[in-house]
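Below is one structure, written out as structure tokens, with a few remarks after it.
There are 2 protein chains.
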Amino acid sequence: MSETNTKSRRLKHKEDLKRKILEVAKELFLKHGYESISIRKIADKIGISPTTIYLYYQDKSDVIYALHQEGFKMLSSHFAVLRNVEEPFERLKAMGRSYIEFAIENRDFYELMFIMREPIEFVNKNYACEWEEGGAAFEALLVTVADCKAKGYFKQADLHAMSLYVWATIHGICSLKLQGHLDHVVNAHFPEKEQQLSLEKAFDTLIFILKSIQ
Amino acid sequence: MSETNTKSRRLKHKEDLKRKILEVAKELFLKHGYESISIRKIADKIGISPTTIYLYYQDKSDVIYALHQEGFKMLSSHFAVLRNVEEPFERLKAMGRSYIEFAIENRDFYELMFIMREPIEFVNKNYACEWEEGGAAFEALLVTVADCKAKGYFKQADLHAMSLYVWATIHGICSLKLQGHLDHVVNAHFPEKEQQLSLEKAFDTLIFILKSIQ
DNA sequence: TTTAAAATATTAACACTGTTAATTATATTT
DNA sequence: AAATATAATTAACAGTGTTAATATTTTAAA
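Chains as they are written, first to last, in numbering that gives the first Met the number 0: chain D, 0 to 213; chain S, 0 to 213.
Here it is as structure tokens:
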């Protein structure tokens, strides 16, 4: 009996420390950005030796991947309530706005999840077949577009092509904005009064267009 | 007379070495990707000391910026011939395809130009007002969309919002593809026969939609 | 032509990075 | 209490960008 107790106690300690490492990594990440996550800094903040981290994660990209997963959990809980929006086109619009919202409010996470190559390559290598967190997000879009089609929207368009197209458009808007590629272009080429809401206007254009092709 | 000769000779040498540094940086970049550009490797390959590079570029991000500029020159020459396409909507389609073509064929450059934050932040800091290379590219899109509007396309849409929307969509497609965020989603959710050409199908959807709203 | 000055390049060093092998300390089991 | 398994550490390797101080080379003036 005491044997299993100590065993589970040790197991708990292992899990605690593993979580603590992730927690500190997240803290560094949110405070000073991706670049400032370092094995040594994490170790210092916890008060352990850098090499101890390698007993809990196989390498740095494994720690990054754990953060990546956290991000997808955050996104899915951000999306959860939208399942209650019955009218599919309304739901699609809301999903688009929520996605942009998430990207703006969690820019570091968004970069990790949808822009950087490292973490997704880690997924492709280690979880080649199933990757639930990522799959669920796209599945939600797919279902909503299918619902739209069932109600008569996007009649002539292919379900999968359409879904990918919607994702690509909204990701494009977020990506250009977050990575700083919009400011210069907007400042140089847009009339002053249109500069502020360029992001929203691009999104509105998408919605306007989606409505038009009904 | 000999004074100006030696002066210009020295100037030429300075420019030669500056170009040589960029050339070697580009070589490393194209052969082994962004990550493997290092001041020390560049110096080794030329046969100079690492610190010499700091006499020609203010720091590493300055070297990267020079590569960034090269990329925009490449893109503009890739686009140049399209000015001869008279029908504006045909031109817009061709621009889209050419853009995707450029992204696929020069993925490292595309990442540098439209995905990474560092180089564009260097532009924003050092060339806050004018940045010709980048401006010209968006200007070409803006003009083409304006031409389309003049011919009766996109009547109800705003010129700037529409242009930004088109760029964002195509960038979104390229970005998701190049950064490896498409493979997993497509493999998991697309019917097998549609997996191969998912990129083209998303683009075709855009074109289909743009036609529909005429 | 020799000397002073300016331009160019180098060495040494700092403060970091991820990661591995060998070693020590701690806890568990016999 | 001794042997074993687990956990954590130190030391080291091979890199990174960057700066200050020093040495070398080239140019200009006496």
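For every residue, glycine included, the Cβ atom is placed at its ideal position computed from N, Cα and C.
Against chain S, the beta carbon of G46(D) has no neighbour under 7 angstroms; the closest one sits roughly 31 angstroms away. Membership of V62(S) in the alpha helix (DSSP H) is indicated by the continuous run 59-78. At a cut-off of 8 angstroms between beta-carbon atoms, L74(D) makes no contact with chain S. Annotation: Cβ neighbours of F189(S) in chain D (cutoff 7 angstroms, chain order): H159. Using a CB distance below 8 angstroms, no part of the stretch 39-64 of chain S faces chain D. A direct Cα-to-Cα measurement between L91(D) and E89(S) gives close to 30 angstroms. Cβ neighbours of A135(D) within its own chain (closer than 7 angstroms, five residues either side excluded): S75. Contact of T143(S) with chain D by beta-carbon distance below 9 angstroms is absent, the smallest such distance being about 13 angstroms.
In this structure, A102(S) lies away from A201(D), with their beta-carbon atoms at least 8 angstroms apart.
Under the three-state reduction of DSSP output, I212(D) falls in the coil class, being neither helix nor strand.
Here K150(D) carries a coil assignment [DSSP, helix/strand/coil]. Less than 8 angstroms divides the Cβ of Y33(S) from the Cβ of E110(S). Here the alpha carbon of I63(S) sits roughly 29 angstroms from the alpha carbon of S197(D).
In this structure, the alpha-carbon of G95(S) lies about 10 angstroms from that of L140(S). The Cβ of D182(S) sits closer than 8 angstroms to at least one Cβ of chain D. In the three-state reduction of the DSSP assignment, V84(D) falls in the coil class, being assigned neither a helical nor a strand state. Linking I52(D) to E191(D) through their CA atoms gives a straight-line distance of about 51 angstroms. Here Q68(D) is buried: its Cβ has 16 or more other Cβ atoms, across all protein chains shown, within 10 Å. A direct Cα-to-Cα measurement between K124(D) and M115(D) gives close to 15 angstroms. Looking from the CA of I41(D), the closest CA among V23(D), E104(D), E129(D), R106(D) belongs to V23(D). Not a single CB atom of chain D sits nearer than 8 angstroms to the CB of A149(S).
Sequence-ordered contacts of the stretch 84-108 of chain S with chain D are nonexistent [C-beta pairs closer than 9 angstroms].
Taking every protein chain shown into account, the CB of A127(D) has fewer than 16 other CB atoms within 10 angstroms, so this residue is exposed.
In the structure shown, the three-state DSSP call for P190(S) is coil. From the listed residues G151(D), V144(D), K176(D), the smallest Cα separation to Y164(D) is found for V144(D). Assignment of R96(S) by DSSP, reduced to helix, strand and coil, places it in the helix class. By the C-beta density criterion, H31(D) is exposed, having fewer than 16 other C-beta atoms within 10 angstroms. By the rule that beta-carbons nearer than 8 angstroms mark a contact, I172(D) touches chain S. Contact check for A156(D) against F207(S) passes: the beta carbons are separated by less than 8 angstroms.
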